[in-house]
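Below is one structure; the comments refer to it alone.
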Amino acid sequence: MNEEVIAILVLWTFIFIYSIFGSIDFGAGFWAMVYNEHRSFAGKIANRFLSPTWEITNVFLVLLVVAFVGFFPKGAFTLGTVLLIPISLILFLLSIRSAFMVFSFSVQGYRKTMFIISGLCGVLIPALLITVLPVSQGGFIEGMNGRDTLLLGKLFSSPSLYMYILFGLTSELFLSSLFLADYSKVSKQEDAYKLYRRNALLLGPSTLLAAVITLLVIQPEAGWLLDNLYDQRIWFILSLIAFAVGYCSLWLRNKDGQTRGKPRVTLLAIVAQYGFASYGYGMAHLPYIVYPNLTIYDAFTAKETFYSLMIMYAVGLAILTPGFYVFWRLFLKDKRYLQQD
Numbered sequence: 038m039n040e041e042v043i044a045i046l047v048l049w050t051f052i053f054i055y056s057i058f059g060s061i062d063f064g065a066g067f068w069a070m071v072y073n074e075h076r077s078f079a080g081k082i083a084n085r086f087l088s089p090t091w092e093i094t095n096v097f098l099v100l101l102v103v104a105f106v107g108f109f110p111k112g113a114f115t116l117g118t119v120l121l122i123p124i125s126l127i128l129f130l131l132s133i134r135s136a137f138m139v140f141s142f143s144v145q146g147y148r149k150t151m152f153i154i155s156g157l158c159g160v161l162i163p164a165l166l167i168t169v170l171p172v173s174q175g176g177f178i179e180g181m182n183g184r185d186t187l188l189l190g191k192l193f194s195s196p197s198l199y200m201y202i203l204f205g206l207t208s209e210l211f212l213s214s215l216f217l218a219d220y221s222k223v224s225k226q227e228d229a230y231k232l233y234r235r236n237a238l239l240l241g242p243s244t245l246l247a248a249v250i251t252l253l254v255i256q257p258e259a260g261w262l263l264d265n266l267y268d269q270r271i272w273f274i275l276s277l278i279a280f281a282v283g284y285c286s287l288w289l290r291n292k293d294g295q296t297r298g299k300p301r302v303t304l305l306a307i308v309a310q311y312g313f314a315s316y317g318y319g320m321a322h323l324p325y326i327v328y329p330n331l332t333i334y335d336a337f338t339a340k341e342t343f344y345s346l347m348i349m350y351a352v353g354l355a356i357l358t359p360g361f362y363v364f365w366r367l368f369l370k371d372k373r374y375l376q377q378d
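The opening residue of the sequence shown carries number 38 in our numbering; numbering runs sequentially from there.
In structure tokens form, the structure reads like this:
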């Protein structure tokens, strides 16, 4: 396995981790806004998770950006140039959301505004992030006078873009519903659990349907990707099996005989589902970063930089991992925190 393939695997791993954590984080912000004044504890459960964890999600975003710029500087330059407007909006929304998340917990007057800002950002940021996928598949970038230009008119008139956005939003809400269902169950908030379980039951098939329609309306220029996706079909078959296992687990009756669903099993199965599908999609997309002009070999950095970055990541993760473990023990496992009023 050469350096370019190792680098793209590292980068794709960070993308997958951030997509899962980001979906749960942004989705929790949306549910906290929707259920802020709900008679159940659903809004409080979402905010209880959100308050200590949003910083962790940003850590993986930084790792992702540094990996992309470091390993594939030319790819970062190309996408950063053609997607300047959506990237600038993402940074702006992240800054606004982070500012309100920080100050709302010390200034009570900002609490309601924080829920609204966090909820809206939880919809807008993922919608902007997922625009990278259709752009990278070809047909939306044109070279003019030695510069790459994004064909905005063609992009915004493409049904493929809107289906990707729909798929991203349903995935975000599905994953966050599953996580918050499990979080509610551990916190012994049965009403909140039933509410999030019901949301997950509705969003699961919706997400699968959105994924299928997205493939059906994909741009003609991305026919190469469809052919490659078919070659990687084993990963998508495994993904469907994982989805079936996870979705069926939501119907299993618990030992108490009163409630249905094993959200922890479902959540792990659905993460595996996205893992299989993500790997299959990534393999199908290789070797292109942006089709047809930019491959991982064209955009790769110098080998000296690659090995320096790998050492840096090894050291950095060795330092961060104990911190992540302590965080998990304090905020995601400690029943005194989970079951507080």
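Glycine included, each C-beta is placed from N, C-alpha and C at the ideal position. Bear in mind that the values here come from a model prediction, so they are computed numbers and not experimental data.
{"Query": "Hey, quick one: how far does the beta strand (DSSP E) through L187 stretch, first residue to last?", "Result": "R184 to L187"}
{"Query": "Can you tell me whether G180 is helix, strand or coil according to DSSP?", "Result": "strand"}
{"Query": "Go through its chain and collect everything with a Cβ distance to L304's Cβ below 7 Å, but skip five positions before and after it.", "Result": "L215, F216 and D219"}
{"Query": "Taking just the CA atoms, how far does G260 sit from W365?", "Result": "43 Å"}
{"Query": "Indicate whether the contact test is met: 3 or more Cβ pairs, each with one atom in the segment 152-168 and one in the segment 129-136, closer than 8 Å.", "Result": "yes"}
{"Query": "Buried or exposed: which applies to G190, given that a residue is buried once 16 or more other Cβ atoms fall within 10 Å of its Cβ?", "Result": "exposed"}
{"Query": "Ignoring anything shorter than 4 residues or poking outside the segment 181-242, list the alpha helix (DSSP H) runs there in chain order.", "Result": "189-193 and 196-223"}
{"Query": "State the Cα-Cα distance for the pair F109 and P324, rounded to the nearest angstrom.", "Result": "13 Å"}
{"Query": "Hey, out of F361, Y328 and P242, whose CA is closest to E179's CA?", "Result": "Y328"}
{"Query": "Pick out whichever of A44, A314 and V96 has its Cα sitting closest to the Cα of A104.", "Result": "A44"}
{"Query": "Can you give me the Cβ contacts of K222 inside the same chain, cut-off strictly under 7 Å, excluding the 5 residues immediately before and after it?", "Result": "Y230 and P300"}
{"Query": "Would you be able to state if there are at least three C-beta pairs under 8 Å between the segment 184-200 and the segment 226-245?", "Result": "no"}
{"Query": "Exposed or buried, which one is F193 when buried takes at least 16 other CB atoms within 10 Å?", "Result": "exposed"}
{"Query": "Can you check DSSP and say which residues form a bridge with R301?", "Result": "None, per the DSSP bridge assignment."}
{"Query": "Taking just the CA atoms, how far does T338 sit from L289?", "Result": "50 Å"}
{"Query": "In three-state DSSP terms, what is Y316?", "Result": "helix"}
{"Query": "Give the secondary structure of L253 by DSSP, where H, G and I count as helix, E and B as strand, and everything else as coil.", "Result": "helix"}
{"Query": "Please report how far the alpha carbon of L116 lies from the alpha carbon of L128, in whole angstroms.", "Result": "15 Å"}
{"Query": "Can you tell me where the beta strand (DSSP E) with I326 in it begins and where it stops?", "Result": "Y325 to V327"}
{"Query": "With DSSP as the reference, label T168 as helix, strand or coil.", "Result": "coil"}
{"Query": "Of the choices L263, P257 and F204, whose alpha-carbon is the least far from that of S56?", "Result": "F204"}
{"Query": "Near I326, what residues of its chain come up, given a Cβ to Cβ distance below 7 Å and the 5 sequence neighbours on each side ignored?", "Result": "F109, G112, S173, T332, I333 and A336"}
{"Query": "How big is the Cα-Cα spacing for L346 and F211?", "Result": "34 Å"}
{"Query": "For C158, does the count of other Cβ atoms within 10 angstroms reach 16, so buried, or fall short, so exposed?", "Result": "buried"}
{"Query": "Can you find the residues in the same chain that come closer than 7 Å, C-beta to C-beta, to L166, ignoring five residues on each side of it along the sequence?", "Result": "I127"}
{"Query": "For the segment 48-64 against the segment 93-100, are there 3 or more C-beta pairs whose distance is under 8 Å?", "Result": "yes"}
{"Query": "So for T338, helix, strand or coil by DSSP?", "Result": "coil"}
{"Query": "Throw me the rounded Cβ distance for the A164 and T207 pair, which I believe falls under 8 Å.", "Result": "With 8 Å as the limit, A164 and T207 do not qualify as a contact, their Cβ atoms being about 11 Å apart."}
{"Query": "Buried or exposed for E92, going by 16 or more other Cβ atoms inside 10 Å?", "Result": "exposed"}
{"Query": "Apply the 10 Å Cβ neighbour rule to L277 and answer buried if 16 or more other Cβ atoms are within range, or exposed otherwise.", "Result": "exposed"}
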